[in-house]
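First comes the structure, then the notes that go with it.
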Amino acid sequence: MSEAVVTSAPSVPDGPRRRLRRIAAWVVGTLIVIGVLELAGIDVVGWFEQLWDSVTEISIGYVILGCLLQGAQTTLTALGWYGILRYAYPGGVTFMEVLAAYAVGVALNNYVPANMGTFVMLLMYVAVVRGATFPGVLAGYMVQKIFYLIIGTLIYLYLFTAVAGSFDFQFGNERDAISNHPLLTLGIIGGAIFLVALLLRIFWRWVKVMWEKAKQGAAILGDLRAFVKWVLLPQMGGYAAKVGVIIVFLAAYGIPVSFGSVMSVLGSNQLANLLSFTPGGVGVNQAFNSFALASYTTTETATAYSLGQQLITTAFNTGFAIILVCVVFGWSGGSKLVKDSYDDAKVRKTEMGEQRQEKKEAKRQAREEEGRRGLLGVFRRSADVDSPAE
Numbered sequence: 019m020s021e022a023v024v025t026s027a028p029s030v031p032d033g034p035r036r037r038l039r040r041i042a043a044w045v046v047g048t049l050i051v052i053g054v055l056e057l058a059g060i061d062v063v064g065w066f067e068q069l070w071d072s073v074t075e076i077s078i079g080y081v082i083l084g085c086l087l088q089g090a091q092t093t094l095t096a097l098g099w100y101g102i103l104r105y106a107y108p109g110g111v112t113f114m115e116v117l118a119a120y121a122v123g124v125a126l127n128n129y130v131p132a133n134m135g136t137f138v139m140l141l142m143y144v145a146v147v148r149g150a151t152f153p154g155v156l157a158g159y160m161v162q163k164i165f166y167l168i169i170g171t172l173i174y175l176y177l178f179t180a181v182a183g184s185f186d187f188q189f190g191n192e193r194d195a196i197s198n199h200p201l202l203t204l205g206i207i208g209g210a211i212f213l214v215a216l217l218l219r220i221f222w223r224w225v226k227v228m229w230e231k232a233k234q235g236a237a238i239l240g241d242l243r244a245f246v247k248w249v250l251l252p253q254m255g256g257y258a259a260k261v262g263v264i265i266v267f268l269a270a271y272g273i274p275v276s277f278g279s280v281m282s283v284l285g286s287n288q289l290a291n292l293l294s295f296t297p298g299g300v301g302v303n304q305a306f307n308s309f310a311l312a313s314y315t316t317t318e319t320a321t322a323y324s325l326g327q328q329l330i331t332t333a334f335n336t337g338f339a340i341i342l343v344c345v346v347f348g349w350s351g352g353s354k355l356v357k358d359s360y361d362d363a364k365v366r367k368t369e370m371g372e373q374r375q376e377k378k379e380a381k382r383q384a385r386e387e388e389g390r391r392g393l394l395g396v397f398r399r400s401a402d403v404d405s406p407a408e
């Protein structure tokens, strides 16, 4: 049995005119996109003007150092992801693929609401990692969040115990609600414990089923040494780079750099990320940062710092992601992968919402049917009692 071998003709390199036409097409296409966005009410030109003002407002040395640290944070965090995925699916992925997908997720989170970029990143991992499943990648995401959950909890504990005014609440006309209302405080704590226990009881069976499906994605937890080496250490390095970014921009805007000011920014950023549904947390970040830095600088300076850091890091994250996608996947393949993953993310979120509604409706119908059967049973027993014995 013979095999036909198809040989493709060698590609002819682009001539100077063709390259110029391609560059011109890119420039014209970019201008058209900007024009369409402006007509749609999206102030792209204003965004670039704000970015330029933020860059020129501080020394270029701070901007360069901040961007370098931001790149280090993205790279080291992606290295932790690579450790999780490589252990779960040996030989199924390369570091550059993981880095490109993670950079896309980081960049998209600056433009889409509710951290949709993270969902896109997970679906990109499913697409590029051989043998990966969505439950497995989702389990890997839970593993990846262990360090950040611990460090975030420690930051909150520090802020609540060490920062003056953290427990100065107003309850009616009284201060210090915790000490003045012990019964109410105990009731809230008891209610929270009951709610957690109830949720665990309701979802425990589902958690066990999902865990059986997702064990492969969290396999690295079974090897403590590998987890520390390939996940924890890179994550610690990435978090140190994140702290470095904050320090650089605090110094750039003349805000005192201290342990307290850095922890205040970290804590306020975490709260803003949890409570924000706007793209990139725009507005929410500025409000939280201004409140957190109130004892260190003026509101105007704190807002300028928060907005400047966000604009500069957003621009860097976007450019970094575009370069990585083009280098790793190619422009056409990379853009298609990102678009397909984003579309799939929207579909999956919609499906998850519909599934929750269907489950609620099924439970409601089951309760109604059970109630009808109970009433019928009562009527039958009444009829048996009222009927004369033969």
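Residue numbering for the sequence shown follows our numbering, starting at 19 and increasing by one per position.
Note that beta-carbon positions come from the ideal geometry of N, C-alpha and C, so glycine has one too.
Sequence-distant residues of the same chain with beta carbon closer than 8 Å to residue i, five excluded per side
i           : result
residue 250 : 98 and 165
residue 89  : 334 and 338
residue 92  : 117, 120, 121, 124, 256, 335 and 338
residue 253 : 94, 95, 98, 162, 165 and 166
residue 148 : 107, 109, 110 and 111
residue 227 : none
Contacting residues, own chain, Cβ-Cβ under 7 Å from residue i (five flanking each side not counted)
i           : result
residue 126 : 134, 135 and 138
residue 281 : 173, 176 and 177
residue 262 : 87
residue 321 : 304 and 308
residue 234 : 106 and 154
residue 83  : 266
residue 15  : The chain is shown from 19 up to 408; residue 15 falls before or after that span and cannot be answered.
Own chain residues within Cβ distance below 6 Å of residue i, not counting five before or after
i           : result
residue 255 : 94
residue 275 : 265, 268 and 269
residue 144 : 150, 152 and 155
residue 76  : 270
residue 413 : Lying before the first or after the last residue shown, residue 413 is absent from the chain, which here runs from 19 to 408.
residue 18  : Look at the range of the chain in this structure, 19 to 408, and you will see that residue 18 is not part of it.
residue 170 : 288
residue 315 : 273
residue 114 : 346
residue 185 : With a pLDDT of 46 at residue 185, under the threshold of 50, the predicted position of this residue should be treated as unreliable, though the coordinate-derived value follows. Closer than 6 Å at Cβ, skipping near neighbours: no residue.
Span of the alpha helix (DSSP H), counted from its first residue to its last, around residue i
i           : result
residue 270 : 251 to 270
residue 148 : From DSSP, residue 148 is part of no alpha helix (DSSP H); its letter is neither H nor E.
residue 127 : Taken as a continuous stretch (DSSP letters only), residue 127 belongs to no alpha helix (DSSP H), as it is neither H nor E.
residue 18  : Missing from the structure shown is residue 18; the chain here goes from 19 to 408 and no further.
residue 332 : 317 to 347
residue 285 : 277 to 293
residue 133 : First-last for residue 133: undefined, no H or E at that position.
residue 308 : 302 to 310
residue 239 : First-last for residue 239: undefined, no H or E at that position.
C-alpha distance - residue i paired with residue j, whole-angstrom precision
i           : j           : result
residue 153 : residue 74  : 46 Å
residue 334 : residue 328 : 10 Å
residue 121 : residue 330 : 15 Å
residue 244 : residue 129 : 35 Å
residue 109 : residue 150 : 11 Å
residue 85  : residue 79  : 10 Å
residue 293 : residue 284 : 14 Å
residue 345 : residue 209 : 53 Å
residue 53  : residue 347 : 28 Å
residue 162 : residue 101 : 10 Å
residue 223 : residue 204 : 30 Å
residue 279 : residue 312 : 10 Å
residue 341 : residue 142 : 17 Å
residue 215 : residue 131 : 31 Å
residue 332 : residue 259 : 16 Å
residue 179 : residue 57  : 50 Å
residue 219 : residue 207 : 18 Å
residue 323 : residue 317 : 10 Å
residue 232 : residue 212 : 28 Å
residue 103 : residue 168 : 21 Å
residue 146 : residue 81  : 33 Å
residue 246 : residue 319 : 39 Å
residue 242 : residue 64  : 49 Å
residue 277 : residue 70  : 30 Å
residue 248 : residue 217 : 33 Å
residue 239 : residue 230 : 14 Å
Distance cut-off 7 Å: residue i Cβ against heavy atoms of the ligand SAM
i           : result
residue 317 : Here there are no bound small molecules, and the ligand SAM is not part of this structure.
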